[in-house]
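Reviewing the structure listed below.
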Amino acid sequence: MKKILISLTALVCAVSMSAQGTVDDTMNPLITAMPSLSIAPDARAAGMGDLGVATEADFNSQFWNPAKYAYMYSKGGITANYTPWLRKLVGDIDLAYLAGFYNFGDLGGGIGASFTYFSMGDVALTDGNGQKIQDVRPNEWALDLSYFRKLHEYVSMSVAVRFLYSDLNNGYNSSTGTATEMHPAWTMAADIGLYYRQPFELKSGTSHLSLGFTLKNLGGKMNYADDGSSNFIPASMNIGMGYEIPLNKYNFLTLNLEANKMLVPSRKSKFTTAETTAHPDKWDAAGNPIDPTDPDTWQMSQEAYSALNPAKGWFQSFADAPGGSKEEFAEVRWGAGIEYSYNKQFFARAGYSYENYYKGNRNYLTFGAGFHLSIVSLDISYCVGLAASNPLDQTMRFTLGFDLAGIKDIVDNKKAK
Numbered sequence: 036m037k038k039i040l041i042s043l044t045a046l047v048c049a050v051s052m053s054a055q056g057t058v059d060d061t062m063n064p065l066i067t068a069m070p071s072l073s074i075a076p077d078a079r080a081a082g083m084g085d086l087g088v089a090t091e092a093d094f095n096s097q098f099w100n101p102a103k104y105a106y107m108y109s110k111g112g113i114t115a116n117y118t119p120w121l122r123k124l125v126g127d128i129d130l131a132y133l134a135g136f137y138n139f140g141d142l143g144g145g146i147g148a149s150f151t152y153f154s155m156g157d158v159a160l161t162d163g164n165g166q167k168i169q170d171v172r173p174n175e176w177a178l179d180l181s182y183f184r185k186l187h188e189y190v191s192m193s194v195a196v197r198f199l200y201s202d203l204n205n206g207y208n209s210s211t212g213t214a215t216e217m218h219p220a221w222t223m224a225a226d227i228g229l230y231y232r233q234p235f236e237l238k239s240g241t242s243h244l245s246l247g248f249t250l251k252n253l254g255g256k257m258n259y260a261d262d263g264s265s266n267f268i269p270a271s272m273n274i275g276m277g278y279e280i281p282l283n284k285y286n287f288l289t290l291n292l293e294a295n296k297m298l299v300p301s302r303k304s305k306f307t308t309a310e311t312t313a314h315p316d317k318w319d320a321a322g323n324p325i326d327p328t329d330p331d332t333w334q335m336s337q338e339a340y341s342a343l344n345p346a347k348g349w350f351q352s353f354a355d356a357p358g359g360s361k362e363e364f365a366e367v368r369w370g371a372g373i374e375y376s377y378n379k380q381f382f383a384r385a386g387y388s389y390e391n392y393y394k395g396n397r398n399y400l401t402f403g404a405g406f407h408l409s410i411v412s413l414d415i416s417y418c419v420g421l422a423a424s425n426p427l428d429q430t431m432r433f434t435l436g437f438d439l440a441g442i443k444d445i446v447d448n449k450k451a452k
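Under my numbering, think of the first position of the sequence shown as 36, with each following residue one higher.
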């Protein structure tokens, strides 16, 4: 039963591994619980290569970097996002994301919140003979709350807390006496964000340089079974920069670049025989050099992986790849995007996202467009996969946002008349 239910997680792990036919011996993607937390939920960020740590603030800053809210033109807003996910594989996996914020203004700072719901569709559980035993609808969700404020005219900071819940089997278990009982898993996590945005005067108008930094999903591990095994959630370190160039009074061009490093330890060990022999409680016996045909020589046991402290795992993730510093660098995912806007009302976007072949191979181009009025905004994006049989190909996202301050002004004006 455990193997059947864990296979549900493998479906969601298509977020981390694009389909490549057979998996090469040197493949070493970082597999986590709740990979849905790594999916860009909004169309604006998705249209620029899935980045948003240092872009101009918008209603969905809660996901990327809540510190950006301190520079929002509006005092408050809400947004709804929808993504039909992995439609190249199945037709009923969806991601919904709701977010909102309110800036206290003169009182200092503000708050943001969001709710993420990821449905994995209908899944039929089968027994060892392939016979159907139960239909389930696995799902995951997360609820978070953030506080942000300006520390300086050009600098802001944010902190966020998040509750995570993952249910892979809707409470169903086979009571055979030998099967490991499965249950929903939950944990808590926290984010820290910094945002720097400074204006510069040019002949064509005012430009802006933006820098962003976040540590996301720093929290506990997920435990789905009674056997004590656990998995890391997708903690990450994100660094980005953006530069907005005014072409003239009405036309603007923004260039963005972002890097993402997962703070998740690798189960493949780079350690020598002597080192692993000295620490049998933490590592499997390892041969030197690594024998790719024998997992016992290069992979940490599930017991050792489950016993690894989350905080230790975050730091260890910078120096545990079997390929050394070269492979550690390969774990960095890159995004580059460009956004053109006319009068801050009409937007056109394009981007590129790159991930190393051996770490998941999520390589794709993205395109997007947006239309923003005083009280409502609408954005859409489209993904074109570059890797063969990429399940992310043809992925679309939709975003609808409402400026609550703008709506309030309209209501107040009508009352005044």
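The beta-carbon is built from N, C-alpha and C at its ideal position, and this holds for glycine as well.
Could you tell me whether the Cβ atoms of F364 and T67 are closer together than 8 Å? To locate residue 364, count along the sequence shown from 1; it is residue 329. To locate residue 67, count along the sequence shown from 1; it is residue 32. Contact flag unset, no.
Based on DSSP bridge pairs, tell me the residues matched to I227.
By 1-based counting over the sequence shown, the position of residue 227 is 192. DSSP output for I227 lists V194, L250 as bridge partner(s).
Contact between the region 423–434 and the region 69–89: three or more CB pairs below 8 Å? yes
Next item on the list: Quick one: residues in its chain with C-beta nearer than 8 Å to the C-beta of I373, no 5 flanking neighbours on either side, listed in chain order?
Entry: As a working mapping, residue 373 is identified with position 338 in the sequence shown. Contacts found: M83, L288, T289, L290, N291, R384, A385, G386.
- Task: Give the single residue among G247, G405, L298 whose Cα lies nearest to the Cα of D355.
- Result: Within the sequence shown, residue 355 is the residue found at index 320, counting from 1. When only C-alpha atoms are compared, the closest one is L298.
Cβ atoms of Y152 and I146: under 8 Å apart, would you say? Residue mapping note: residue 146 aligns to position 111 of the sequence shown, counting from 1. Residue mapping note: residue 152 aligns to position 117 of the sequence shown, counting from 1. Not in contact: I146 and Y152 (Cβ atoms no closer than 8 Å).
Legend entry - Sequence-distant residues of the same chain with beta carbon closer than 6 Å to M276, five excluded per side: Translated into positions along the sequence shown, residue 276 becomes position 241. Counting only Cβ-Cβ distances below 6 Å, and skipping sequence neighbours, we find A89, L246, L292.
**Prompt:** So N252 packs on R368, CB below 8 Å; how close in whole Å?
**Reply:** Here residue 252 corresponds to residue number 217 of the sequence shown, with the count starting at 1. Here residue 368 corresponds to residue number 333 of the sequence shown, with the count starting at 1. Wrong, their Cβ atoms sit about 15 Å apart, outside the cutoff.
Practice task
Could you tell me which residues DSSP puts in a beta bridge with H243?
Solution key: Counting from one through the sequence shown, the residue named residue 243 turns up at place 208. Note: H243 sits in a beta bridge opposite P234, E279.
Quiz prompt | Option in Y392, A404, F437 with minimal Cα separation from I2 | solution = Since the first and last residues shown for the chain are 36 and 452, residue 2 lies out of range.
Got a sec? Which residues, its chain only, sit under 6 Å from R302 by beta carbon, not counting five neighbours each side? Reading the sequence shown from its first residue, position 267 is the one you call residue 302. Cβ within range, chain order: Q334, M335, Y340.
Here's the rule: buried if 16 or more other CB atoms are within 10 angstroms of the residue's CB, otherwise exposed. What is D261?
Within the sequence shown, numbered from 1, the residue matching residue 261 stands at position 226. Answer is exposed; the Cβ neighbour count stays below 16.
Cα-Cα separation, G370 to K361:
As a first step, residue 370 must be located in the sequence shown, where it is residue number 335. As a first step, residue 361 must be located in the sequence shown, where it is residue number 326. Rounded to the nearest angstrom, the two C-alpha atoms are 19 Å apart.
Item checked: Alpha carbon of F350 to alpha carbon of P300, nearest angstrom -> Indexing the sequence shown from 1 puts residue 350 at position 315. Indexing the sequence shown from 1 puts residue 300 at position 265. Cα to Cα, the separation comes out at about 8 Å.
- Query: If you follow the alpha helix (DSSP H) that K361 is part of, which residue opens it and which one closes it?
  - Reply: Here residue 361 corresponds to residue number 326 of the sequence shown, with the count starting at 1. First-last of the alpha helix (DSSP H) with K361: 360–365.
*Proximity winner among S201, M217, E279, Y231, relative to L237 (alpha-carbon distances)*: Position 202 of the sequence shown holds residue 237. Measuring from the Cα of L237, the nearest candidate turns out to be E279.
Have a look at A159, W176, N164 and flag the residue whose alpha-carbon is nearest the alpha-carbon of D170. For the purposes of this step, residue 170 is taken as residue 135 along the sequence shown, with counting starting at 1. Residue A159 is the option with its Cα nearest to D170.
(message) Strictly by DSSP, which residues pair up with A383?
(response) Residue mapping note: residue 383 aligns to position 348 of the sequence shown, counting from 1. Beta-bridge pairing links A383 to Y375, A404.
Just curious, the alpha helix (DSSP H) that L98 is in, first and last residue? The residue given as residue 98 occupies position 63 in the sequence shown. Residue identity differs from the one stated: residue 98 is Phe in this sequence, not Leu. Run containing F98: 96–99, per the alpha helix (DSSP H) assignment.
- Message: Closest to S181 by C-alpha separation, out of A148, I274, E175, would be which residue?
- Response: Start at 1 with the first residue of the sequence shown, and residue 181 comes out as number 146. Nearest C-alpha to S181: A148.
For I66, which of helix, strand or coil comes out of DSSP? On the sequence shown, residue 66 is found 31 positions in, with the first residue counted as 1. In this structure, I66 counts as coil in the three-state DSSP scheme.
- [ ] Report back the beta-carbon spacing between L65 and E366 to the nearest angstrom; my notes put them in contact at under 8 Å.
- [x] Position 30 of the sequence shown, counted from the start, is the residue given in the question as residue 65. Position 331 of the sequence shown, counted from the start, is the residue given in the question as residue 366. Correct: roughly 7 Å between the Cβ atoms.
Compare the C-alpha of P119 against each of Y132, F406, I113, Y108 and name the closest. Translated into the one-based positions of the sequence shown, residue 119 becomes position 84. Looking at the Cα atoms, Y132 is the closest of the given residues.
Check: Which two residues bound the contiguous beta strand (DSSP E) that contains P345?
Finding: Position 310 of the sequence shown, counting from 1, holds the residue named residue 345. Per DSSP, P345 belongs to no beta strand (DSSP E); it is in the alpha helix (DSSP H), 345–351.
message = Rounded to whole angstroms, what is the Cα-Cα separation between D93 and I168?
response = As a first step, residue 93 must be located in the sequence shown, where it is residue number 58. As a first step, residue 168 must be located in the sequence shown, where it is residue number 133. If I take the Cα positions, the gap works out to 46 Å.
Would DSSP call E175 helix, strand or coil? Position 140 of the sequence shown, counted from the start, is the residue given in the question as residue 175. Strand, per DSSP.
Discussion item. Given this structure, state the Cα-to-Cα distance separating S73 from L199, to the nearest angstrom.
Written reply: Walking along the sequence shown from the start, residue 73 turns up at place 38. Walking along the sequence shown from the start, residue 199 turns up at place 164. Each residue's alpha carbon lies about 13 Å from the other.
Item to complete: Please go through the same chain and pick out, in chain order, the residues whose beta-carbon is closer than 8 Å to the beta-carbon of Y285, but skip the five residues on each side of it.
Response: What you label residue 285 is simply residue 250 of the sequence shown in a count that begins at 1. The answer, listed in chain order, is Y377, N378.
_Length of the line joining the Cα atoms of G143 and G263_ = As a working mapping, residue 143 is identified with position 108 in the sequence shown. As a working mapping, residue 263 is identified with position 228 in the sequence shown. G143 and G263: Cα-Cα distance of roughly 45 Å.
Per DSSP, the bridge partner or partners of S388:
As a position in the sequence shown, residue 388 is number 353, starting the count at 1. Bridge partners of S388: G370, Y399.
Looking at C-alpha atoms only, which residue of A177, D157, A115, E91 is the closest neighbour of Y230?
In the sequence shown, the residue the question calls residue 230 occupies position 195. Cα-wise, what sits closest to Y230 is E91.
Looking only at its chain, what residues have a beta carbon closer than 8 Å to the beta carbon of K110, apart from the 5 residues adjacent to it on each side?
Translated into the one-based positions of the sequence shown, residue 110 becomes position 75. Around K110: Y137, N138, G140, L439, A440.
- The alpha helix (DSSP H) enclosing Y108, as first and last residue numbers: Locating residue 108 in the sequence shown gives position 73, where the first residue counts as 1. Y108 -> no alpha helix (DSSP H), and no H or E assigned at all.
As a quick exercise: from K103, Y375, Y117, P345, pick the residue whose alpha carbon is nearest that of V190.
As a position in the sequence shown, residue 190 is number 155, starting the count at 1. Measuring from the Cα of V190, the nearest candidate turns out to be K103.
How big is the Cα-Cα spacing for S193 and L244?
-> In the sequence shown, counting from the first residue as 1, residue 193 sits at position 158. In the sequence shown, counting from the first residue as 1, residue 244 sits at position 209. Looking at the two C-alpha atoms, the distance is approximately 19 Å.
**Item:** M257 to Q380 span [Cα, whole Å]
**Value:** Taking the sequence shown and counting its residues from 1, the one referred to as residue 257 is at position 222. Taking the sequence shown and counting its residues from 1, the one referred to as residue 380 is at position 345. C-alpha separation (whole angstroms): 43 Å.
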